[in-house]
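Visitor: Just passing along the structure, written as structure tokens.
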Amino acid sequence: MKIYISGRITGRVEQARTDFAYAEQKLKKLGHYPLNPFNFKDDHDKSWNEYMKVCIKELVDCDAIL
Numbered sequence: 204m205k206i207y208i209s210g211r212i213t214g215r216v217e218q219a220r221t222d223f224a225y226a227e228q229k230l231k232k233l234g235h236y237p238l239n240p241f242n243f244k245d246d247h248d249k250s251w252n253e254y255m256k257v258c259i260k261e262l263v264d265c266d267a268i269l
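Using the numbering used here, the letters of the sequence shown map in sequence onto residues 204 to 269.
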């Protein structure tokens with residue numbers, strides 16, 4: 204199952220990076236295909252709205268959201 208990992212990133216980037224990586228590892232161990240937004244190709248200079256456009260495009264192809 205393709206699962207999008209979702210959660211608050213703004214204002215807590217380093218903690219979110221750790222949390223998302225942990226969730227990604229757990230989902231992989233369960234046999235799923237996790238989509239971690241931290242792994243998206245990016246130059247990291249987008250506004251919040253621009254990031255949401257990228258994330259929503261990825262999210263619609265997933266089977267579930269965590």
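Glycine included, every Cβ here is placed at the ideal spot set by N, Cα and C. Values in this document were obtained by computation on a predicted structure and should not be read as measured data.
Let me know the alpha helix (DSSP H) ranges lying completely inside the stretch 207-244, each 4 residues or longer, listed in chain order.
Guide: If we require 4 residues or more, the alpha helix (DSSP H) runs fully inside the stretch 207-244 come out as 216-232.
Visitor: Within the same chain, show all residues whose beta-carbon is closer than 6 Å to that of ILE268, passing over the 5 residues directly before and after it, in chain order.
Guide: As a working note, residue 268 is residue 65 in the sequence shown. Cβ neighbours of ILE268 beyond the five flanking positions: TYR207, SER209.
Visitor: So LYS205 and ASP266 are in contact, right, with Cβ under 8 Å, and what is the actual spacing, rounded?
Guide: As a first step, residue 205 must be located in the sequence shown, where it is residue number 2. As a first step, residue 266 must be located in the sequence shown, where it is residue number 63. About 5 Å; that satisfies the 8 Å criterion.
Visitor: When DSSP labels each residue in this structure, what does LYS205 get in the three-state scheme?
Guide: Taking the first residue of the sequence shown as 1, we reach residue 205 at position 2. Strand.
Visitor: Starting from ILE268, follow its DSSP beta bridges and name the residues at the other end.
Guide: Taking the sequence shown and counting its residues from 1, the one referred to as residue 268 is at position 65. DSSP lists TYR207 as partners of ILE268.
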